[in-house]
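Engineer: This is the structure I have questions about; it appears just below.
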Amino acid sequence: MAKAFLSIGTNIGERLDNLNDALRGLVDSEKIKITNVSSVYETDAVGYEDQAAFLNIASEVETDFTPNELLDFCLALELELGRVRLFKWGPRLIDIDILLYDDVKIDTEKLKIPHPYMKERAFVMIPLIEISPEKSNLLENPAILEEQGVRKIKNQVNW
Numbered sequence: 006m007a008k009a010f011l012s013i014g015t016n017i018g019e020r021l022d023n024l025n026d027a028l029r030g031l032v033d034s035e036k037i038k039i040t041n042v043s044s045v046y047e048t049d050a051v052g053y054e055d056q057a058a059f060l061n062i063a064s065e066v067e068t069d070f071t072p073n074e075l076l077d078f079c080l081a082l083e084l085e086l087g088r089v090r091l092f093k094w095g096p097r098l099i100d101i102d103i104l105l106y107d108d109v110k111i112d113t114e115k116l117k118i119p120h121p122y123m124k125e126r127a128f129v130m131i132p133l134i135e136i137s138p139e140k141s142n143l144l145e146n147p148a149i150l151e152e153q154g155v156r157k158i159k160n161q162v163n164w
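Heads up: the sequence shown is residues 6 to 164, going by the working numbering.
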């Protein structure tokens, strides 16, 4: 099985329920085993800022999916959970991104691994480093961890 790291975020509706629903959807696949999940973090929107704050987590999974199959599965799960893509960086019920997949590097129009924006987003890096401290070596600018206002919240997901 391959090891992958996912970032999961939401800013519409019952945000904590949305994260739990995404984790349940991952667990329901025979080809995915969740091995670790970060605390839940709240952060203000990045990119398009005129929207509600996001809840974000990182998840470590073992999978029998290839990278492209994992992407297809995650996109299908987003749709199943009710995601509608209105515009880039807009509000979303659920967003599941592949951050890393073993040591694989992919740069296609459909899929980019490592995720091209992960190093500059504290809401991705803080949860990722929490569950995999050795990933701190990916940080090019450690100051982003303090500058982007990421806050750990009291309520956590059930996995």
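Idealized CB from N, CA, C, for every residue including glycine. All values reported here derive from a predicted model rather than from experimental measurement.
Put Ser137 into one of helix, strand or coil per three-state DSSP.
Structural biologist: Looking up residue 137 in the sequence shown gives position 132. Coil, per DSSP.
Engineer: Considering only C-alpha positions, which residue in the set Leu11, Val162, Ala9, Thr15 is nearest to Gly87?
Structural biologist: Working through the sequence shown from its first residue, we reach residue 87 at position 82. Among Leu11, Val162, Ala9, Thr15, the Cα nearest to that of Gly87 belongs to Thr15.
Engineer: Return the first residue and the last residue of the alpha helix (DSSP H) that Leu82 is part of.
Structural biologist: Here residue 82 is taken as the residue at index 77 of the sequence shown, counted from 1. First-last of the alpha helix (DSSP H) with Leu82: 72-86.
Engineer: For the alpha helix (DSSP H) that Gly30 lies in, which residues bound it at each end?
Structural biologist: Locating residue 30 in the sequence shown gives position 25, counting from the first residue. Per DSSP, Gly30 belongs to the alpha helix (DSSP H) from 20-32.
Engineer: Distance check for Ser141 and Glu85, CA to CA, integer angstroms please.
Structural biologist: As a first step, residue 85 is located in the sequence shown; it is residue number 80 there, counting from the start. As a first step, residue 141 is located in the sequence shown; it is residue number 136 there, counting from the start. Roughly 33 Å between the two C-alpha positions.
Engineer: Between which residues of its own chain and Glu135 is the CB-CB distance below 8 Å, once the five residues before and five after are set aside?
Structural biologist: The residue you call residue 135 lines up with position 130 of the sequence shown. Counting only Cβ-Cβ distances below 8 Å, and skipping sequence neighbours, we find Ser43, Ser44, Ala63.
Engineer: Touching or not, the stretch 28-38 and the stretch 115-131, by the rule of three or more beta carbon pairs under 8 Å?
Structural biologist: No, the stretch 28-38 does not touch the stretch 115-131.
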